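Take a look at the structure set out below.
Numbering (my numbering), first residue to last: 781 to 922.
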């Protein structure tokens, strides 16, 4: 188990951390009775983490173009979809513009994940497809 973790880059581990941190925050906003101040604090913490990731991802893409375009697109659309989902649920829950942006980003995440599975035969794209579908379902019922 730890041998497979050693082979991953720091950026990949940070991406997995961002994905794992997103779902408890989303659950907190969905289930727990929230106070707007706590929502802002949680969102700001996630925003800082995600912004740092996006900056490092773009820098790595331009400096060292080892990652393929579909993997880069998968990571970028996933992090942006998570960020916009939290923003539209926690900060501006009644803004239709961010609802549409979230839906478009979810479809882009599903598309890039599907291409990652089919073109590059990378199984991590399954996570993106399922995450996008789950976000769309939760958006529908919110």
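By construction, the Cβ of each residue, glycine as well, lies at the ideal position given by its N, Cα and C atoms.
Because the structure is a prediction, the values reported are computed rather than measured.
Item                                                                                                                                                       : Value
In this structure, how does DSSP classify residue 804 when only helix, strand and coil are distinguished?                                                  : helix
Check whether the region 787–798 and the region 825–839 are in contact - that is, three or more C-beta pairs closer than 8 angstroms.                      : yes
Buried or exposed, going by whether 16 or more other CB atoms sit within 10 Å of the CB of residue 844?                                                    : exposed
Rounded to whole angstroms, what is the Cα-Cα separation between residue 825 and residue 900?                                                              : 33 angstroms
Cβ of residue 881 within 9 angstroms of Cβ of residue 864?                                                                                                 : yes
On a Cα-Cα basis, can you pick out the residue from 921, 895, 871 and 862 that is closest to residue 911?                                                  : 862
What three-state label does DSSP hand residue 834 in the structure shown?                                                                                  : helix
Could you tell me how far apart the beta carbons of residue 883 and residue 919 are, in whole angstroms, since I believe they sit closer than 8 angstroms? : 7 angstroms
Would the beta-carbon of residue 859 fall within 9 angstroms of that of residue 833?                                                                       : yes
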